[in-house]
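Q: My questions all concern the structure below.
Protein chains: 2
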Amino acid sequence: MKRYRTLTHIIMVVFALAVAVTAVQAADPLLSWNDTAPKKAIVAFVDKVAREGSQDFVPVAERIATFDNDGTLWAEQPTYFQLIFALDRVKALAPKHPEWKYKEPFASLLKGDVKNALAGGEKAIAEIVMFTHTGMTTEEFERVVKDWIVFAKHPKTGKLYTEMVYQPMLELLAYLRANGFKTFIVSGGGVEFIRTFSEKVYGIPPEQVIGSSIKTKFEVRDGKPVLVRLPGLNFIDDKEGKPVGIQMHIGRRPIAAFGNSDGDLQMLQWTAAGKGGRLCLYIHHTDADREWAYDRKSSVGRFDKGLDEAKAKGWTVVDMMNDWKVIFPFELK
Amino acid sequence: MKRYRTLTHIIMVVFALAVAVTAVQAADPLLSWNDTAPKKAIVAFVDKVAREGSQDFVPVAERIATFDNDGTLWAEQPTYFQLIFALDRVKALAPKHPEWKYKEPFASLLKGDVKNALAGGEKAIAEIVMFTHTGMTTEEFERVVKDWIVFAKHPKTGKLYTEMVYQPMLELLAYLRANGFKTFIVSGGGVEFIRTFSEKVYGIPPEQVIGSSIKTKFEVRDGKPVLVRLPGLNFIDDKEGKPVGIQMHIGRRPIAAFGNSDGDLQMLQWTAAGKGGRLCLYIHHTDADREWAYDRKSSVGRFDKGLDEAKAKGWTVVDMMNDWKVIFPFELK
Chain B
1 MKRYRTLTHI IMVVFALAVA VTAVQAADPL LSWNDTAPKK AIVAFVDKVA
51 REGSQDFVPV AERIATFDND GTLWAEQPTY FQLIFALDRV KALAPKHPEW
101 KYKEPFASLL KGDVKNALAG GEKAIAEIVM FTHTGMTTEE FERVVKDWIV
151 FAKHPKTGKL YTEMVYQPML ELLAYLRANG FKTFIVSGGG VEFIRTFSEK
201 VYGIPPEQVI GSSIKTKFEV RDGKPVLVRL PGLNFIDDKE GKPVGIQMHI
251 GRRPIAAFGN SDGDLQMLQW TAAGKGGRLC LYIHHTDADR EWAYDRKSSV
301 GRFDKGLDEA KAKGWTVVDM MNDWKVIFPF ELK
Chain R
1 MKRYRTLTHI IMVVFALAVA VTAVQAADPL LSWNDTAPKK AIVAFVDKVA
51 REGSQDFVPV AERIATFDND GTLWAEQPTY FQLIFALDRV KALAPKHPEW
101 KYKEPFASLL KGDVKNALAG GEKAIAEIVM FTHTGMTTEE FERVVKDWIV
151 FAKHPKTGKL YTEMVYQPML ELLAYLRANG FKTFIVSGGG VEFIRTFSEK
201 VYGIPPEQVI GSSIKTKFEV RDGKPVLVRL PGLNFIDDKE GKPVGIQMHI
251 GRRPIAAFGN SDGDLQMLQW TAAGKGGRLC LYIHHTDADR EWAYDRKSSV
301 GRFDKGLDEA KAKGWTVVDM MNDWKVIFPF ELK
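Protein chains in written order, with the working numbering: chain B, 1 to 333; chain R, 1 to 333.
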């Protein structure tokens, strides 16, 4: 009797699984994408490389997909979110630095004049980043970012920054992973900054995040080993740095790459130049109502050379206004 | 009728799977390990962190294990295999460099006097490495290593270098992966060198190899993007560099680490200092008959401070002579 019940149970479980699998297959994994050219290109590419028997079949181990972060997985307006974090940190640290009242770029920042603070260009930004991102252990930095990211709100939408991710891209990440892809972030942003939320928000574990980094040093303090973040750049993962970062970290050329700016162009070139099926996709920010519209002349996420090359080479370009049904997950609620 | 046959079929498959699972569980996954303390420590650790309900349970995503390569996964005597590769390359490249006949360390090398060639110490080695490892694209370098590694034979055993891996460690890698661990190599050797064979030999894909590296530059040559290996060190993944490399690449502290020399000490310290269950394991080369016996005074794989600290902290130390039934896979044939 017991054996009979076990068998019945197994059969029921097997059928339940079969039904569940069918349901999953039937649902559209790219529900927030309109049935326009980009969605068709994505589905055709995945079918080409992931279907057994396809002429362009790629083994699972080689299904590497790389994603830029700012402007590709989450928004980047009015400026890069990590820069907003840095500015918030300056305010938080100001009581310990009375000298900042008289020292640029901090003086302007503390008066709320961000524009004047950043007028110093890259030097001013570098100074702000070094002061706010270094001089602590890796664990301390992680805690500071995590404390910020669960409370800080976007100035326009009032949403958490981690809510300002693109719903269609979350679906794309999941769709690729369901088809055997390993998904990586390859960002000009700081690697340790992104790692604090990438797993929870994108399903991308820290070891699959490649980014810019500052120098780090191993030390034993009071018998306890720590890694100290030093005020010096280690690697800039932008433009020519992206293929270099990919090679250093992954050691294998991606077969799919996703970006939105000129900073991603070399990553897409490197991806496109491999043999076999490739998907190079650019996101064009065209929706001033639901998100932002910017490209060739933007100081953030400039998309000029990349747009020309995408057209010349026939890469896929997503027109956010026309190709995406939904931009942010909170629109679905 | 058809439905009945389908059900019968499903039941048979389910039972076959159940039997197979039982068979796998019954077989000893660490067959080449004697039932001594190290094997017991490994099994107890895996049970502790991987068994649901255990007080020290660790989620799969956090089961990170890092392995040194030279002397831990494969042999390193009479010297590091990558150095032997470099010396072979000098010979292969000599016809294109007539000036080497009069220039150290190349002149001595070409006369077969390795000892004199290496008398120049680190400077001589660096010169040899730069000449043989840089000045080509990443793809060209990969081809050169792959061509070498399928033919070159070890001077003592006459075996391929990739056959001189440790059978017990291959079993350990597989055992950890079967229990949800992600296995990484963290080596002082060159990352691109190790990646050419790590997937085939160890089951470790290129993106899970961390190593020393030279500088690399992205270029477009005749319309084709390439990555060029430049004559300059980028990162030395040894000693204090190992925890730094781990943080840069993985961004998460390992819960298990395996090494054999003082070069691995900081990696083990960093691993040990985390919270929860930890396994820090050192391999002690004690078997002069089946492999080599060396430790405190060896110029290759020196194991002196690490041995003291392992004893002081109660880390697991494998005595190769007593704890391993088999050293190399070819002993099994």
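Glycine included, each C-beta is placed from N, C-alpha and C at the ideal position.
Within the chosen definition, does the region 161–168 of chain R reach the region 254–266 of chain R through at least 3 CB pairs nearer than 8 Å?
A: Not touching, per the Cβ criterion.
Q: For the beta strand (DSSP E) holding Val317 (chain B), just list the boundary residues, first then last.
A: The residue you call residue 317 (chain B) lines up with position 317 of the first sequence. Here the beta strand (DSSP E) through Val317 (chain B) covers Thr316 to Asp319.
Q: Using a Cβ cut-off of 7 Å (strictly closer), state whether Arg252 (chain R) contacts chain B.
A: Here residue 252 (chain R) corresponds to residue number 252 of the second sequence, with the count starting at 1. True, the Cβ-Cβ gap to chain B drops below 7 Å.
Q: Which first and last residues belong to the beta strand (DSSP E) in which Lys182 (chain R) is found?
A: Here residue 182 (chain R) refers to the residue found at position 182 when the second sequence is read from its first residue. Start and end: Lys182 to Gly190.
Q: Among residues of its own chain, excluding the 5 on either side of Ala293 (chain B), which ones have a beta-carbon nearer than 7 Å to its beta-carbon?
A: Position 293 of the first sequence holds residue 293 (chain B). Correct list, in chain order: His285, Thr286 and Asp287.
Q: Specify the secondary structure class of Tyr80 (chain B) as computed by DSSP and reduced to three states.
A: By one-based count along the first sequence, residue 80 (chain B) stands at place 80. Coil at Tyr80 (chain B), not helix or strand.
Q: Less than 7 Å between the beta carbons of Ile236 (chain B) and Val186 (chain B), yes or no?
A: Locating residue 236 (chain B) in the first sequence gives position 236, where the first residue counts as 1. Locating residue 186 (chain B) in the first sequence gives position 186, where the first residue counts as 1. No, the pair does not count as a contact, with Cβ atoms beyond the cut-off.
Q: Return yes when the Cβ of Pro29 (chain R) is within less than 7 Å of the Cβ of Tyr175 (chain R), no when it is not.
A: Counting from 1 along the second sequence, the entry for residue 175 (chain R) is found at position 175. Counting from 1 along the second sequence, the entry for residue 29 (chain R) is found at position 29. Their beta carbons are under 7 Å apart, which means Tyr175 (chain R) touches Pro29 (chain R) by this criterion.
Q: If we count Cβ pairs, one from each stretch, closer than 8 Å, do we get three or more for the region 306–319 of chain B versus the region 265–283 of chain B?
A: Flag = yes, the region 306–319 of chain B and the region 265–283 of chain B touch.
Q: Pop quiz: Leu281 (chain R) and Phe303 (chain R) are said to be a contact at Cβ under 8 Å. What is the actual Cβ separation, rounded to whole angstroms?
A: Start at 1 with the first residue of the second sequence, and residue 281 (chain R) comes out as number 281. Start at 1 with the first residue of the second sequence, and residue 303 (chain R) comes out as number 303. Incorrect: roughly 13 Å between the Cβ atoms, too far for contact.
Q: Of all the beta strand (DSSP E) runs that stay within the bounds of the region 53–105 of chain R, which reach a length of 3 or more residues?
A: Segments of the beta strand (DSSP E) lying fully in the region 53–105 of chain R: 64–67.
Q: Along the chain, where does the alpha helix (DSSP H) containing Asn116 (chain R) start, and where does it finish?
A: One-based indexing of the second sequence puts residue 116 (chain R) at position 116. Segment Val114 to Ala117, the alpha helix (DSSP H) holding Asn116 (chain R).
Q: Looking at chain B, which residues of the region 235–252 of chain R have a Cβ within less than 7 Å of any of its Cβ atoms?
A: Per Cβ criterion, the list reads Glu240, Pro243, Val244, Gln247, Met248, His249, Ile250, Gly251 and Arg252.
Q: CA-CA distance, Val21 (chain R) and Gly223 (chain R)?
A: By 1-based counting over the second sequence, the position of residue 21 (chain R) is 21. By 1-based counting over the second sequence, the position of residue 223 (chain R) is 223. Here Val21 (chain R) scores only 49 on pLDDT, less than 50, and its place in the model should not be relied on; the value that follows carries that caveat. Roughly 53 Å separates the two Cα atoms.
Q: Could you name the residues of the region 156–177 of chain B whose beta carbon sits closer than 8 Å to any beta carbon of chain R, in the order they occur along the chain?
A: Correct list: empty, as no residue qualifies.
Q: Examine the Cβ distances between the region 201–209 of chain R and the region 229–243 of chain R and report whether three or more of them are shorter than 8 Å.
A: These segments do not touch.
Q: Which residue from B:Arg253, B:Phe218, B:Val226 and B:Ser213 puts its Cα closest to that of Val226 (chain R)?
A: Here the question's residue 226 (chain R) lines up with position 226 in the second sequence. Minimum Cα distance to Val226 (chain R) is reached at B:Arg253.
Q: Spatial neighbours of Val24 (chain B) within its chain, please: CB distance less than 7 Å, with the 5 preceding and 5 following residues excluded, ordered by chain position.
A: Counting from 1 along the first sequence, the entry for residue 24 (chain B) is found at position 24. Residue confidence is low: Val24 (chain B) scores 48 on pLDDT, short of 50, so the model does not pin down where it sits. Its coordinate-derived value is still stated next. None.
Q: Is Tyr282 (chain R) helix, strand or coil when you go by DSSP?
A: For this step, residue 282 (chain R) is matched to residue 282 along the second sequence. Looking at Tyr282 (chain R) - three-state DSSP - the assignment turns out to be strand.
Q: Using DSSP with H/G/I as helix, E/B as strand and the rest coil, what is Ser213 (chain R)?
A: Taking the first residue of the second sequence as position 1, residue 213 (chain R) is located at position 213. The answer is strand: DSSP assigns Ser213 (chain R) an E or B state.
Q: Taking all protein chains shown into account, decide if Asp289 (chain R) is buried (16 or more other Cβ within 10 angstroms of its Cβ) or exposed.
A: Taking the second sequence and counting its residues from 1, one reaches residue 289 (chain R) at position 289. With fewer than 16 Cβ atoms within 10 Å of its Cβ, Asp289 (chain R) is classed as exposed.
Q: Have a look at Thr183 (chain B) and Gly71 (chain R) and give me their C-alpha separation to the nearest angstrom.
A: The sequence position of residue 183 (chain B) within the first sequence is 183, counting from 1. The sequence position of residue 71 (chain R) within the second sequence is 71, counting from 1. Those two C-alpha atoms are separated by around 33 Å.
Q: Is it buried or exposed for Arg51 (chain R), if we count other Cβ within 10 angstroms and need 16 for buried?
A: Start at 1 with the first residue of the second sequence, and residue 51 (chain R) comes out as number 51. Exposed: under 16 other Cβ atoms inside 10 Å.
Q: For Lys217 (chain R), tell me which candidate among R:Ile255, R:Asp147, R:Glu139 and R:Val129 has the shortest Cα-Cα distance.
A: Here residue 217 (chain R) refers to the residue found at position 217 of the second sequence. The candidate whose alpha carbon is nearest that of Lys217 (chain R) is R:Glu139.
Q: Could you tell me which whole beta strand (DSSP E) segments of length 3 or greater appear in the region 200–282 of chain B?
A: The qualifying runs are 209–221, 224–235 and 256–259.
Q: When the Cα atoms are used, what is the spatial distance from Leu110 (chain R) to Glu104 (chain R)?
A: Here residue 110 (chain R) refers to the residue found at position 110 when the second sequence is read from its first residue. Here residue 104 (chain R) refers to the residue found at position 104 when the second sequence is read from its first residue. Roughly 10 Å between the two C-alpha positions.
Q: I think Trp100 (chain B) touches Ala92 (chain B), with their Cβ atoms under 8 Å apart; what is that distance to the nearest whole Å?
A: Within the first sequence, numbered from 1, the residue matching residue 100 (chain B) stands at position 100. Within the first sequence, numbered from 1, the residue matching residue 92 (chain B) stands at position 92. About 12 Å; that fails the 8 Å criterion.
Q: Name the residue from B:Ala44, B:Ser32 and B:Ala37 whose alpha carbon lies nearest to the alpha carbon of Arg278 (chain B).
A: Counted from its first residue, the first sequence places residue 278 (chain B) at position 278. Out of B:Ala44, B:Ser32 and B:Ala37, B:Ala44 has the C-alpha closest to the C-alpha of Arg278 (chain B).
Q: Using a C-beta to C-beta distance shorter than 7 Å, which residues of chain R count as neighbours of Leu227 (chain B)?
A: For this step, residue 227 (chain B) is matched to residue 227 along the first sequence. Going along chain R in sequence order, the residues near Leu227 (chain B) (Cβ under 7 Å) are Pro243, Val244 and Gln247.
Q: Going by the beta-carbon positions, is the gap between Pro86 (chain R) and Thr132 (chain R) smaller than 7 Å?
A: As a first step, residue 86 (chain R) must be located in the second sequence, where it is residue number 86. As a first step, residue 132 (chain R) must be located in the second sequence, where it is residue number 132. Looking at the sequence itself, residue 86 (chain R) is Ala, so the reference to Pro does not match. It is a contact, given that the beta carbons lie within the stated cut-off.
Q: For the region 65–86 of chain R, enumerate the residues whose C-beta is nearer than 7 Å to any C-beta of chain B, in chain order.
A: Result list empty, no residue passes.
Q: Any beta-carbon of chain R closer than 7 Å to the one on Arg302 (chain B)?
A: Translated into positions along the first sequence, residue 302 (chain B) becomes position 302. By this cut-off, Arg302 (chain B) is not an interface position.
Q: Is Gly301 (chain R) closer than 7 Å to Glu76 (chain R) when the C-beta atoms are compared?
A: Here residue 76 (chain R) corresponds to residue number 76 of the second sequence, with the count starting at 1. Here residue 301 (chain R) corresponds to residue number 301 of the second sequence, with the count starting at 1. Their beta carbons are under 7 Å apart, which means Glu76 (chain R) touches Gly301 (chain R) by this criterion.
Q: Runs of 4 residues minimum, wholly inside the region 145–181 of chain R: which ones carry the alpha helix (DSSP H) assignment?
A: List check, alpha helix (DSSP H) in window: 167–178.
Q: Leaving out the 5 sequence neighbours to the left and right, which residues in its chain are closer than 8 Å to Met136 (chain R) when beta-carbon positions are compared?
A: Taking the second sequence and counting its residues from 1, the one referred to as residue 136 (chain R) is at position 136. Val144, Val228 and Arg229, listed in sequence order.
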